[in-house]
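Quick note: the sequence shown uses our numbering, first residue 1170, plus one each step. Beta carbons: idealized from backbone N, C-alpha and C, even for Gly. Values in this document were obtained by computation on a predicted structure and should not be read as measured data. Only one structure is covered here, and it is reproduced in the block below.
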Amino acid sequence: MVLYVTKKGSKYYPSKAMKEQAWVNNPNIYKEADKNPVKFWSNLAKEGINWDKLWGEKNTYVEKLPYFWWFKGGKLNFSVNALDRHLGNPNKIALKWIPENPKEKPTELTYSELHKKVCQFANVLKSFGVKKGDAVSIYLPLIPEAAIAMLACTRIGAIHSVVFSAFAPDALKTRIQDCEAKVLITADGYFRRGELVDLLTKAKKALKGTKIKKVIVANRIKKKKYSGKFVSFDKVIEEQSPFCEPEMMNSEDPMFILYTSGTTGKPKGVIHDTGGYAVQSYWTTKWVFDLHPEETMWCTADIGWITGHTYAVYGPLLNGATTLIYEGTPDYPNMGRWWKIIDDNKVNVFYTAPTAIRMFIKEGDKWVKKHKMPSLKVLGTVGEPIDEKAWKWYFSKIGKNRCPIIDTWWQTETGGTIINVLPGIGPFVPTIAGKSFPGTRHLIVDHKGNKKNQGFLAQKSPFTPGMLHGVWKNHKKYADTYWKAFKKYYDTSDGAIMKGNLIKITGRTDDVMKVSGHRLSTAELENAINKYKKVNESAVVPIPDKIRGQVPVAFVVLKKTKNDKGMEGKIKKHVDNTLGPTARPHKVYFVNDLPKTRSGKIMRRILKNLLANEEPKGLMTLVNPGCVDEIKEIIKA
Ligand code: PRX
């Protein structure tokens, strides 16, 4: 088995074997790129992506804050870059799909087969009236149709909006309404932990009040005839021709919207453009994971999240490699499933989240011992800070002390990872994300924007090519969320510490929590709880959780009603039905009042203190300090 790392003191570095095969192994790259990041990205863009028309050199980067554009005037089609240009090797596997039931046969799609299906499906979308610039909603589990649908949108320049399949109908509805999609792509169901999830019924519930005219239903469970606005994916696709002329897009045309949680109750539609996103996805996948075309990458994220977009679908395909996606849960039929998938499919690059690793640690080493996983070369982590225990377990039990762990920091907004360590350079240090990716610049500042060693993580101009291009139909939200705090720096809303020349991420500094790596806003959850008819108001705060990182706890003031015993369960169920089970509160406390300032602002900090058994400060500013002792008693009881 190849050894990819060597230890020096408490740090790990790439071994000779790793350095020899890595795309990048010269640390000078950081300095070189930083001399002129615009020039650096311009070269990468030309080398990594096929353009139909190049941009004028002075338009490589145009900045007029809070907006900025990359490769302005350049033209390309994303699907051509992900598929057509690899057709010289048509029988190479592009996508491997592993169904949850181990008895069911995996699906393999070669580049040529995937290209054909994408073209056919693009023609389907066209036949339903979808045009360049139209939004298409996708509500699909991790099945090949998800990648086909996404790529088909990019073929014709439609803007996809993927909604996580575990989200509830209400969450789907608000997202469909916001982007005004007329076509929805969903499935008749999927399997999770051996159970059939009826996705179509959930999708149907979301349609009322939207402009959806066609619902294309992927036939995951069975082939079935549909009627009215519903059509079968398999049927409509086979009627179409296997080629679809790609729509040439401007680099700065939107490619997709992805809704994410912020500090207000309504999710924001983060917009990503075509050219900048393509360039950053291609290069970060290649360099950060050291992915080579003959290799297989498995990113365990769902396509409903940005990680699934960039590293389960787009990045590996842009690189002409094989991407593996798995439908089910990590523990089905047993806790060894993931490791068996890695062994069976000779996965080279494996990318997951700390929450999953902590879950495996809890189960003991028995399941991983059976699997040697000699194909593994690079391990990645994302979504939340990884603690030392999880890092070491991942390193020794999965990587067998051979593989670097790449701690990749990024956000829905950044499109791809931009703080990390390159496998051929190192060092790989537990709990530390690393350096700004070549050609990107981050700094740590205090609340006034002055440079510090510890504080808020911000990004400096030139802002990276994959960065968001605004918030869908909401300029104010975009300007206020990302550009108000530091004006000329992008505000990440994360805290960080400088450790030597490496960046350690400390976590969110706003009212956003990370539950099992999923982003959830306290305001969104409060909004949902407040909609329950018997609730007067509520406050949600996160508490630490050994496996999930954080979990939400709700404090609820009921309307004048009897607090019957089942109320906690009813509120949890209500959250399941409106947002989805990821957001379900871990505990609901019923209180008579919430601590508030004179202006009516709920002091969540005080609730956090009380849950952590700490003495809260600043009670003087409260209009109702008496409620604090009362809440303390309720928590204790
Ligand atoms: O707090 C940071 C955390 O995840 C947030 C972004 O969440 P989301 O938009 O859902 O995207 C997650 C996947 C890219 C960040 O603001 N985060 C992400 N990666 C890391 C991280 N925190 C620490 N270390 C990381 N590697």
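- Here lysine 1741 carries a helix assignment [DSSP, helix/strand/coil].
- At least 8 angstroms separates the beta-carbon of tyrosine 1451 from that of asparagine 1419.
- Listed in chain order, the non-local C-beta contacts of tryptophan 1456 below 6 angstroms within the same chain comprise Trp1192, Val1193 and Leu1591, local neighbours out to five positions each way being set aside.
- With a threshold of 16 other beta carbon atoms within 10 Å, phenylalanine 1412 falls short and is exposed.
- Around the beta carbon of serine 1334, a 10 Å sphere encloses 16 or more other beta carbons of the protein chains shown; the residue is thus reported as buried.
- Cysteine 1322 sits in a helix when the DSSP states are folded into three classes.
- At a threshold of 7 angstroms, glutamine 1580 counts as near the ligand PRX, since its beta carbon sits closer than that to one of the ligand's heavy atoms.
- Note that the C-beta distance between valine 1614 and tyrosine 1658 is below 8 angstroms.
- Taking non-hydrogen atoms of the ligand PRX into account, the C-beta of glycine 1635 is found less than 7 angstroms away from none of them.
- Alanine 1321 has its alpha-carbon roughly 13 angstroms from the corresponding atom of glycine 1302.
- For valine 1249 against proline 1415, the beta-carbon gap comes to about 5 angstroms, under 8 angstroms, which counts as contact.
- In the structure shown, the three-state DSSP call for glutamate 1802 is helix.
- In the structure shown, lysine 1566 adopts helical secondary structure according to DSSP, grouped into three states.
- With respect to valine 1352, phenylalanine 1402 sits apart: the two C-beta atoms are not nearer than 8 angstroms.
- With a cut-off of 7 angstroms, the C-beta of arginine 1717 is classified as distant from the ligand PRX, since no heavy atom of the ligand falls inside that distance.
- Between methionine 1466 and alanine 1490, the C-beta gap is smaller than 8 angstroms, which places the two residues in contact.
- The beta carbon of asparagine 1570 is closer than 7 angstroms to those of Phe1564 in its chain, skipping five residues each way along the sequence.
- At a Cβ-Cβ threshold of 8 angstroms, threonine 1675 and proline 1554 count as neighbours.
- DSSP, read as helix, strand or coil, puts histidine 1616 in coil.
- From the listed residues Arg1610, Lys1702, Gly1431 and Asp1556, the smallest Cα separation to serine 1630 is found for Arg1610.
- Between the alpha carbons of glycine 1358 and lysine 1558 lies a distance of about 37 angstroms.
- Within its own chain, the residues whose Cβ lies closer than 8 angstroms to the Cβ of aspartate 1534, once the five positions on either side in sequence are excluded, are Lys1566, listed in chain order.
- Inter-segment contact for the stretch 1205-1215 and the stretch 1226-1246 is present: three or more beta-carbon pairs are separated by less than 8 angstroms.
- With a cut-off of 7 angstroms, the C-beta of isoleucine 1587 is classified as distant from the ligand PRX, since no heavy atom of the ligand falls inside that distance.
- As summarised for the stretch 1515-1575, the continuous alpha helix (DSSP H) elements at least 4 residues long and confined to that stretch are 1523-1531, 1535-1538 and 1557-1562, given in chain order.
- According to the DSSP assignment, isoleucine 1390 belongs to no beta strand (DSSP E), since it is labelled neither H nor E.
- Glutamine 1623 sits exposed, since fewer than 16 C-beta atoms from the chains shown fall within 10 Å of its C-beta.
- Cβ-Cβ distances below 7 angstroms link proline 1599 to Glu1557, Trp1560 and Lys1561 in the same chain, with the five nearest sequence neighbours on each side left out; the list follows chain order.
- The ligand PRX never approaches glycine 1477 closely enough for any of its heavy atoms to be under 7 angstroms from the residue's Cβ.
- Taking 8 angstroms as the cut-off, the Cβ atoms of alanine 1372 and leucine 1341 count as close.
- A residue is called buried when at least 16 other Cβ atoms come within 10 angstroms of its Cβ; glutamate 1269 meets this threshold and is buried.
- Sorting Thr1766, Arg1767 and Glu1799 by C-alpha distance to the C-alpha of tyrosine 1758 places Glu1799 at the top.
- Within the DSSP bridge table, the entry for arginine 1688 names Lys1683 as partners.
- For arginine 1677, the enclosing beta strand (DSSP E) begins and ends at 1671-1677.
- Within the DSSP secondary-structure output, tyrosine 1428 pairs in a beta bridge with Gly1438.
- The beta carbon of glutamate 1201 lies closer than 8 angstroms to those of Phe1209 and Pro1607 in the same chain, with the five residues before and after it left out.
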